[in-house]
Structure formats: C-alpha cells, structure tokens
Amino acid sequence: MFRTMMKSKIHRARVTEANLNYVGSITIDTHILDQVGILPHEQVQIVNNNNGARLETYVIPGERHSGVVCLNGAAARLVQPDDIVIIVSYAMLDEHELATFKPKVALMNENNGIDEIIEQEPPLTEM
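For the sequence shown, our numbering assigns the number 4 to the initial residue and increments by one for each residue that follows.
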C-alpha cells in the first residue's frame, strides 16, 4: 500500500510578486527549493493564509538568494504581493519507507529567509 505524505513544506513565505500575464506556475528562490528538496517542475499546493485560497501548480526555480516567491498566471488572481503562503509538496511512500521518512519544513521569516529547518511540526493547538 502507498500513502501520500507531506514531503516538503515552505511555511509562511511572503509573496513578492504576482504576474497575471505569465504562462503559469510559482517561481521560488532556488536556495529555498534546495533546502527543502523541491525540484523544478514539481507539483506543489499553495495555501494562502490571507484569504484561504488553495491551489495546485508547479515550481519554476527563481534566482538564488533573491527571496522570490511569485505566483504566475491564473494563480495571480488568488494571491497578491505580501500575502503569506504555505507551499507544500507531497510524495507517495510505501509501507517500508514510512518508518524512516522525514519531511523537511522550512520556517520562513518576513524577508523569505529560512529561520529553521525542522522534520516534524509541533502541535500548536491551544485548549
């Protein structure tokens, strides 16, 4: 049996651009992609913390260390510059891979720098 698991996550990135006239996709700083193991053209889910929009697209590598997070094409209608987004990629894992698999989560700062890379998110629910 295979299970779909979170593979990588860029948590609370700030959108730097929204380009309605581009063909499509999301452009992300190559350094950030390398740190969480997301590849060019990989499918990702985008969750907009500002308005609740959720969409899927693919990644285009952006200039290294630029901090760029740019939604292109139709996605630019759902995400605006300065919105805070969560970018997630998933992987299909078999039962044997589950025991040792560790996702990578980049906790971002307001300038799209990586504050920390973690392998598991702590529970944040308050009672």
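We treat Cβ as the ideally placed atom computed from N, Cα and C, and that holds for glycine.
Q: Using DSSP bridges, identify the partner residues of I117.
A: Answer is M111.
Q. Does the distance from the C-beta atom of I147 to that of M111 stay below 8 angstroms?
A. Because the chain is modelled from 4 through 130, residue 147 falls outside the range shown and cannot be assessed.
**Q.** Expected contact under 8 angstroms - CB spacing of Q48 and R57 to nearest Å
**A.** Contact holds; Cβ gap of about 7 angstroms.
(Q) Could you give the first and the last residue of the continuous beta strand (DSSP E) run that contains Q48? (A) First-last of the beta strand (DSSP E) with Q48: Q46 to N51.
Q) Got a sec? Which residues, its chain only, sit under 6 angstroms from L74 by beta carbon, not counting five neighbours each side? A) Counting only Cβ-Cβ distances below 6 angstroms, and skipping sequence neighbours, we find A21, I29 and V82.
Q: Would you list the residues sitting across from P64 in a DSSP beta bridge?
A: Looking at the DSSP output, P64 bridges to I31.
Q: Report the rounded CA-to-CA distance for V91 versus N24, giving the unit in angstroms.
A: Straight-line spacing of the CA atoms in V91 and N24 works out to 24 angstroms.
Q) What residues are listed by DSSP as bridge partners for Y93? A) In DSSP, Y93 forms a bridge with M9.
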